[in-house]
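Here the sequence shown is numbered in our numbering, starting from 538 and rising by one per residue.
Below is one structure, written out as C-alpha cells; the observations come after it.
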Amino acid sequence: MSELYDDPSDAPSSPNGRVRTLVLSAVVLVLLIIGVTRFAAFYTDKLWYDSVHAGHVFTTLFWTKVVLFLVFGVVMGASIGASMLVAFRSRPFFRAGDEHSSLARYRDAVTPIRTWLFLGVSVIAGIFAGISGAGQWRRFMLWRHGGSFGQKDSYFHKDIGFYVFDLPWWHYLVDFVLAASALALVFGLIVHYLYGGIRLGGGERLSSAAQMHLSALLGIFVLVKAIDYWLDRYDLVHSSGPSFTGIGFTDDHAVLPAKNILAGIALICAVLFFLNMWRRTWQLPSVGLALLVLSAVLLGLIWPAIVQGFQVKPSEADKERPYVAANIAATRTAYGIDDAHVKVEDYSDNANAAKTSPTALDNAASALPVVDPSAVQRQFEQTQQEKSYYQVTDPLDVDHYDVDGQDRALVLGVREVNEHGISAGDKNWTNLHTVYTHSDGVIAAFANQRDLTDTTESPELQWAQNATTDDLTGGPIEDRIYYGEDSPDYSVVGRPKGAKPVELDLGGHGSGSTTTTTYDGTGGVSIRSTFRRFLYAVKFGSANFLLSERVNDDSKVLYNRSPKEAVAKVAPWLTLDSDPYPVVVDGRILWVVDGYTTTDQYPESERDSYSAMTDEALPQNSALPVAPTDQINYMRNSVKATVDAYNGTVTLYEWQPDPILKAWESAFPGVVKPKSAIPADLLPHLRYPEDLYKVQRYQLARYHVTSAVDFLQGSDRWAVPEDPVNAGHLQTPVRMFMDADPTTGQTGQVWSLTSTFVPNNRNNLAAVMAVDSDPTSAGYGTIRILRGFGESTAGPGQIANLFQTNSVISGAVADFSHSSGLISWGNILTVPTAQHGLLYVEPVYASQAGASSSSYAVLAFVLVSYDGQLGYGHTLQEAITDALTGGGEATETTPPPTSPSSAPTTSPSASPSASPSASPSKSPSTTPAAPSSTTVPAGVGTLLDDAKQLFAEADLAGKDGNYARREKLLAQAEAKVKAAAALLSPSATP
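In C-alpha cells form, the structure reads like this:
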C-alpha cells in the first residue's frame, strides 16, 4: 500500500502508533499536572514560611529531606542495580540444554529492554527507599543534634540520650540495610536463574560466580541481623509486659540471654556464608542458618513463655518487685509526677455545718466558677454574636483577669466567622473570600457572678465587656480576628489606593451595625505578579485569582490561619495541645498554644496512647493495637507559642527546656525565643496546659503508688470518675481559685486546675488533684494530691445522685419540665477548702423545650452539698445559706418553689457569688397565709393578692419560654411578699 505514496512517510500511521501516541500524551499530561500542582504547593508553602519569618525552617526541612531522599534512594537503587549487574556479568556463557529451555525465550524477550528493565527496577526501588528515608528526618535530626540527658537507665546504665536520640536512628539504619540486602538477594537470584547461573535440574545447580555472589549477600544479611539482635537487647527497656513497661524478670532471665545467643549464632552464620564464597559446599551455612531459625523459635518464643508461666506467675510479687520499682521511678520522672513535682498531703475534712456560718463558707467559696463553660456557649453565641455570619468558638475558655483591682475568673469566647450563617444566595467566591474575611472581638463573662440588675434580658451572665470592645486591658484593642480556630481557609485582602473597602466589619461597638474595612496588617502573602496568581489559582483550585478584579497588585492572600496549624508548620517537631486559648494582652488578641516535647523511647517508663490519655471519653477494651506514633512515655511542656489574631505572627518561647528541646533548637536555631523574652503582660495569662494535666492525671491513677508490692497488688489503684451527666466520658478538669498550700508560704487563693480520683471500681472520693496554674506563682506546676478521705466520703457521682434524687431539689427542678423546659446538669465542683472542709457545688441549667435555633440554657439553680447537708438557690450564697440553715431534713420538708427567681433589682454584690441580702433563698409556691391574729394590718391582703397574680403571670411567661419576663415578675412578686411579711412582723403590729 505504501507504494501509492511517493514518500513512505506520507502514509497514514498505523492504529497501534496512534494509540501509542495518545497514551504517551496522556501520561505526559498527567505528569505535567502533577508536577505543576506539586510545585504550586511547594512554592506557596515557601512564601507562607517567609511571610511569618520562618523561611529557615522551610529551608532546613527541605534540604534535610532532599539529602535523606538521595542518600537512601541512591544506596537502595545502587544495591539492587549492582546485584543485578553482577549477576548478569557473571552469567555462564554456555550451559548444556539451555538453548532449548523456556528460559531462552524469556531471555530473548528481555534482551531488547534489559538495560531499561534493570534501571527501572533500581530507580523505582530507590524512589520508595528515598521516600522512606526522607520520612525519617525527625530521627535523623535528633541523632545529629541530640545530647545527654545527664541520667542513666537502671539496667544497662547508659545515658537516656542513647535511647531517645541514638537507638531509633541505628535501628532504622539496620532495618534499611536488611531490606537493601534482602532485595539485592532476591533480584540477584532472579537474574542468576534467568541467565543460567542457577539451575533447578540435575548437575551443577549454581555456578561459581553465583555461589560467591549469593554467599556474600547472605553473609551481609545475617551479619546485619546479628547487629539487629544486639540492638534489640536495649529495646527491652521498652518492652510491654502484662503489668508494666520495661525489663521484667522474664526479659532479664530469658529474653536477654536469648538475644545474646542469637546474636552470636547469627555472627557465626555470617562467617560461614562468607567462607562459602570460596568453599563449594552449602552444608555448613545451611546447618548454621537452620540452627539460627530453630534457636529463634526455642529461645525467642518458647523459653520466655515457659519462664513467665512457671516462674513468674506463681510468685509475681517476689520476682517482679525490683523491675516494677524501676518502672515506677522512671515513669514518675518521665511524666513529671515524681516527688520533685508532686506533693501528697493528708487532707482533714473538718466540715461542720453546725459550727460554720453561711458568710464564712461563702467567703471561702466566693471565687468558684459557678458558670459551666460547656453549658453557656449557646448563650454567648445567641446574645453576643449579633450577626448570623458570626459564631462563638466552642469550647469556651476560662481565664483570670484583674478587674477593678480584683483577680476575677472569666469565661471567654472568640467571635468567629460562620460561613454557614451566610444565606445561600450570597455564597459566591467574592463574598466568601473577599468580603467575609474576618471576625471581631473576644466576649467575656464573669464565671462566678450573675447580673441581678438586668430586667430586660435574662439575668444570667454578668458580662465583663460589651459585644465588640474589650476593656480587660484598660483601653482599646485591635479586635479584628483574621487568624482563628474557625477562620476561612483563605481570604484575599487589600485594595488599590482610592478604592472603597469591601471587607465586612462589625462596627458600632455593640450597636449591631456593620461597616467595611481593609486589612492593613503585616500578615499574608503579597500577590504582586501573574505568576503568583497562577500558583494560588492552582493551589486553591480557583481561576478567580486570575479573573477577579478583587485580586490586584495590592492584594494579599491569608491562609494557614488556624493557630494550631500555624504553630505545627513552624515547629513540626512539637506535639500540640488540643485547646488553643485567647488572651488579651497590650491591646491585642493572641492565641496561646502549648507545645510539648514527647518521645516513646524513655527507658522503663510506662508507654501509653497519647490520644487515650487526653481524651475525656472512657477508655474501651480493644484488641486492636494503637498506632506506634500515638504512643508516648515522656512529656514536657517545653514551649509556649503565640499566634497574633490580626497579623498571624507566630512566636515560640522556651518554657520548660529539656534535652529534646535543646536538640531541636540546635537543629532550628533561632526558632524558639528564651523564656526571658515573654512579655510581662502575657506571662500572667499563660496557664498549666490541660492535655499535660490529663496525661499526668491518667498516670497518677496508678503511679501515686511508690511501693512495688502495693503496685502489683493493685489494692490502692485510683480512677478518674465518670462525668455524672455525660455517661461514657471522664469528668472534665476545672480551672478555679483554690486555697494556697500553706507550706509554700503562699497565702490566699491560687489559680489552679483541679480534678478528682475515686478508688478503682468504686464511687467514693479517694483524692483531689490540683496543680498551681498561675505562672507568676512560685509554686507553678506543683501538683498537690489531697488524700485521706474516708470510705464514707461521697464522690462526685454519688453527690450528683443525691442532688437528683432529693425530693425538694428534684421538685424544684421538675417545675421547669412542667413549664415545657429542659434541664441540664453542669459540671460538679469538688472544693476542699482549707478552713471549712469539703464542699460540692453544681449548677443546673434550664432551656426551652422543643428548642429553636435561638434558644439557650440559663442558670436555674446552684446546688450545694456540705457536711452531708444539701442546699439550693439561685446564687451560690443562697445555696450555701440553705444548706447550713435548712439542709438535711429541712430541705426535705420545704415545699418546692414554683420557679427560680432572682433578687430584687439591686446592684451586683461585691462578692462574686453573693446576691443582695434582701433576696429570699426560695420563692414560695403559694401565697403565705396571714398568721392567726385578731388584727390584720391594712394592705396585707392586697399585697398578697398582687403577689399571687404576679406569680401566676410569671408561670405563664415561663411556659412561653420568656425567662426574662418571668424573672422580672418573680422579683416583683417577692417584693410584694416581703412587704406583706414586714407588715405582719411584731414590730409592725400596732
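Here a beta-carbon is modelled for each residue, glycine too, at the ideal position from N, C-alpha and C.
From a predicted model like this one, the values you see are computed outputs, not experimental measurements.
Would you mind reading off the limits of the alpha helix (DSSP H) that contains histidine 750?
745-772
Does the Cβ of leucine 1507 have 16 or more other Cβ atoms within 10 Å, making it buried, or fewer, making it exposed?
buried
For the alpha helix (DSSP H) containing lysine 1177, list its first residue and its last residue.
Segment 1171-1181 is the beta strand (DSSP E) holding lysine 1177; no alpha helix (DSSP H) there.
I need the straight-line Cα distance from histidine 729 to phenylalanine 625, nearest angstrom please.
7 angstroms
Are the CB atoms of glycine 698 and proline 1196 nearer to each other than 8 angstroms?
yes
Could I get the ranges of all uninterrupted alpha helix (DSSP H) runs contained in the segment 837-877, with 4 residues as the minimum, in chain order?
840-844 and 853-871
Out of Tyr1020, Val1075 and Lys1034, which one is the CA nearest neighbour of threonine 1059?
Tyr1020
Give me whichever residues DSSP pairs with proline 1380 in a beta bridge.
DSSP lists Val1399 as the beta-bridge partner residues of proline 1380.
Among residues of its own chain, excluding the 5 on either side of serine 627, which ones have a beta-carbon nearer than 6 angstroms to its beta-carbon?
Ala746
Comparing C-alpha positions only, which one of Val623, Val834 and Asn813 sits nearest to glycine 756?
Asn813
With DSSP collapsed to three states, give me the class of phenylalanine 606.
helix
Indicate whether glutamate 1102 and glycine 783 have their beta-carbon atoms separated by less than 8 angstroms.
No; because the gap between Cβ atoms is not below 8 angstroms, this pair is not in contact.
For arginine 1144, the nearest candidate out of Leu1223, Tyr926, Asp876 and Val1232 (CA to CA)
Val1232
Nonlocal neighbours in the same chain, by C-beta distance under 6 angstroms from alanine 1518, ignoring five residues either side
none
Are at least three pairs of beta-carbons, each pair with one atom in the segment 774-789 and one in the segment 712-731, less than 8 angstroms apart?
no
In whole angstroms, give me the CA-to-CA distance for arginine 1032 and arginine 1098.
Between arginine 1032 and arginine 1098, the C-alpha separation is close to 21 angstroms.
Spatially closest choice to serine 1085 from Thr971, Thr1179, Tyr1118 and Ala1303, by CA coordinates
Thr971
Use the C-beta contact count for isoleucine 1018: other C-beta atoms within 10 angstroms, 16 or more gives buried, fewer gives exposed.
Around the C-beta of isoleucine 1018, 16 or more other C-beta atoms lie within 10 Å, and the residue is accordingly described as buried.
Contact between the segment 879-892 and the segment 816-825 (3+ Cβ pairs under 8 angstroms):
no
Grab the span of the alpha helix (DSSP H) containing glutamine 1335 for me, first residue to last.
1333-1342
Reduced DSSP secondary structure (H/G/I, E/B, other) of lysine 1210:
Here lysine 1210 sits in strand by DSSP.
Does the beta-carbon distance from valine 1129 to leucine 1267 come in below 8 angstroms?
Not in contact: valine 1129 and leucine 1267 (Cβ atoms no closer than 8 angstroms).
Return the CA-CA distance between valine 589 and tyrosine 1230, expressed in angstroms with no decimal places.
Rounded to whole angstroms, valine 589 to tyrosine 1230 spans 31 angstroms at the Cα level.
Using the three-state DSSP reduction, which class does isoleucine 1322 fall into: helix, strand or coil?
strand
Three-state class that DSSP yields for valine 1262 in the structure shown
coil
For isoleucine 735, name the three-state secondary structure that DSSP assigns.
strand
From glutamate 672 to glutamate 1022, what does the alpha carbon distance come to, in whole angstroms?
In the sequence as displayed, the identity of residue 672 is glycine instead of glutamate. Going by the C-alpha atoms only, they are around 28 angstroms apart.
Starting from arginine 952, trace the beta strand (DSSP E) both ways and give me its first and last residue.
Judged by DSSP secondary structure, arginine 952 falls within the beta strand (DSSP E) whose first and last residues are 943-954.
Span of the beta strand (DSSP E) around aspartate 939:
934-940
Within 7 angstroms: the Cβ of valine 972 and any heavy atom of the ligand SAH?
Ligands displayed in this structure: none; no statement on the ligand SAH is therefore possible.
Inspect the CB distances between the segment 900-911 and the segment 1356-1372 and report whether three or more fall short of 8 angstroms.
Contact holds between the segment 900-911 and the segment 1356-1372, because three or more Cβ pairs, one in each stretch, are under 8 angstroms apart.
Does the segment 686-703 come within contact of the segment 651-671, defined as at least 3 CB pairs closer than 8 angstroms?
no
How far does the alpha helix (DSSP H) with tryptophan 674 in it reach, from first residue to last?
The continuous alpha helix (DSSP H) containing tryptophan 674 extends over residues 674-682.
contact_flag[the segment 1183-1197, the segment 1208-1225] where n(CB pairs < 8 angstroms) is 3 or more:
The segment 1183-1197 makes contact with the segment 1208-1225: 3 or more CB pairs, one atom from each, lie closer than 8 angstroms.
Hey, would you say methionine 621 sits closer than 8 angstroms to glycine 725, going by beta carbons?
When the beta-carbon positions are compared, methionine 621 and glycine 725 come within less than 8 angstroms of each other.
Entirely enclosed alpha helix (DSSP H) segments - the segment 559-627, minimum 4 residues
592-626
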